[in-house]
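For the sequence shown, full-length UniProt numbering assigns the number 1 to the initial residue and increments by one for each residue that follows. Take a look at the structure set out below.
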Amino acid sequence: MSSTQIETTVHDVEKLNPEIVVPDLEHASEMWRIAKHTEVLDLNTSYAYLVYCRDFARTSRVALDGDDAVGFVMGHVRPERPHHLFIWQVAVDESHRGQGLAGRMLDELYADVAASNDIHSLETTITDDNEASQRLFGSFARRWQDAAMTVDPLFEPAHFPDGHGAERLYEIGPITLPEGFDAASEAREPIGTRA
């Protein structure tokens, strides 16, 4: 094997296993860039990504390939529903799509937040035409004890001033973490398959 092949192999492994961390202010501009390049997500102002990295860092994650952000999940706990983690956005850089990174970020975030708080459900909103997000959250529900997933109307096109499609509320849960659950070591295994 040549040194070029070795370098390529090592780089490919790094792409498959980005480090998932709590974001800080330095990650906000890269998160904004990733969201912009998806061409699917609503692009928030750069200020919104800074606020999430400051005020909601504990309930958000960023995936790093070396020093480069390659994906993120932004979430928060709504004061009106303190047992629910609301996911605002999930995005993965094109260079890392199709490798399960979005699901891994969701799993690690939920496991960490649920284990350290009294969180038992996850919520998000998805438009009817965003099949990738529908699959992502359906897969999340199956991995987490085949948790129930409900879909209800939330925001209709008339609520938006800019011709935005309807956003449906997806609620997954309740999810009960097994006794002795360790978020750091167990987030990647399907919860429903543990003995």
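All residues carry an ideal CB built from backbone N, CA and C; glycine is no exception.
Count the other CB atoms within 10 Å of the CB of residue i; is the residue buried (16 or more) or exposed (fewer)?
i      : result
Thr59  : buried
Gly71  : buried
Arg61  : buried
Tyr170 : buried
His164 : exposed
Thr176 : exposed
Val73  : buried
Val40  : exposed
Leu106 : buried
Glu30  : buried
Could you check what DSSP says for residue i in three-state terms: helix, strand or coil?
i           : result
Arg168      : strand
Ala63       : strand
residue 197 : Only positions 1 to 195 of the chain appear in this structure, which leaves residue 197 out of reach.
Pro157      : helix
His83       : coil
residue 196 : Past the boundaries of the shown model lies residue 196; the chain is included only from 1 to 195, so the question cannot be answered.
Glu179      : coil
Asp128      : coil
Asp152      : strand
Glu26       : helix
Val40       : coil
Check the C-beta distance from residue i over to residue j and give it rounded, since I have them as a contact under 8 Å.
i      : j     : result
His120 : His83 : 5 Å
Asp128 : Arg78 : The pair is not a contact, with the Cβ atoms about 23 Å apart (cut-off 8 Å).
Ala63  : Tyr49 : Not a contact, Cβ separation roughly 15 Å.
Ala91  : Ala35 : 5 Å
Would you list the residues sitting across from residue i in a DSSP beta bridge?
i     : result
Ile34 : Per DSSP, none; premise fails for Ile34.
Val90 : Val73
- Item | Cβ contact (3+ pairs, closer than 8 Å) linking the segment 156-165 and the segment 86-97 | no
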